[in-house]
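All residue numbers for the sequence shown refer to the numbering used here, where the first residue is 10 and numbers rise by one. Read the structure below first, then the notes.
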Amino acid sequence: MDGTTADPTPEAVLLTSLTQLMAQWATLTRQVAVAREAGLSIDAGDIRPVYTLGLVGPMRAGDLAADLRLTRPTMSKQLARLEAAGLVTRSADRDDGRASIVALSPEGEHVFALLVKRGREMVDEALQGWDAAERSRFAHLTSRFVEAAIGADADQPAAPTSDHPSA
């Protein structure tokens, strides 16, 4: 059973379809494959922070950890690896000397651009056979749905920010 047979409502069909897409596209194996297809050699765990910084721009390391639902120590190790690879830079936060601002380096921006280019190619491949009006309508409705879904998720607590999460 595909999850929609018992409940063929649009909501059930959409939930099943989105779950299948996320299950396929969000795997570390798939992310590494996308990076390789883009001509990159990047650790699977480094793709999300590069992509997030590329989309959002410079941000505090703690905020990036919260956005990615990582502990601060895990984020710190990952940022050290990204910095050593030349993909990010860290600078002191002018408002809080204890915090650092993380940004993509020029090389990190290049990596982000290649990931986006390959992602757009994947979307284009999936939309083969769709006319311009269908693509535009789908983009509009998907953006609207994601905005509503993320807005609803904004009230959810982020991951703990230490290695000792509360029970």
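In this text, a Cβ means the ideal position worked out from N, Cα and C, and glycines have one as well. For clarity, every value in this text was computed on a predicted model and none was experimentally measured.
Check whether the Cβ atoms of residue i and residue j lie closer than 8 Å to each other.
i: V97; j: S114; result: yes
i: S109; j: R99; result: yes
i: I51; j: V120; result: yes
i: P67; j: L91; result: no
i: G54; j: Q87; result: yes
i: R146; j: A47; result: no
i: L233; j: T61; result: As shown, the chain starts at 10 and ends at 176. That puts residue 233 outside it, with no answer to give.
i: R69; j: D102; result: yes
i: L73; j: V111; result: yes
i: L136; j: R129; result: no
i: E118; j: G95; result: no
For residue i, does the three-state DSSP call read helix, strand or coil?
i: L136; result: coil
i: S145; result: helix
i: T18; result: coil
i: S114; result: coil
i: A168; result: With a pLDDT of only 41 at A168, under 50, the local geometry of the prediction cannot be trusted, and the value read off the model is given with reservation. Three-state result, A168: coil.
Less than 7 Å separating the Cβ of residue i from some heavy atom of the ligand FMN?
i: A44; result: For the structure depicted, the ligand FMN is absent and the ligand set is empty, with no information on it obtainable.
In chain order, which alpha helix (DSSP H) runs of at least 4 residues are fully inside the region 24-112?
-> Listed in chain order, they are 37-46, 53-65, 70-77 and 81-93.
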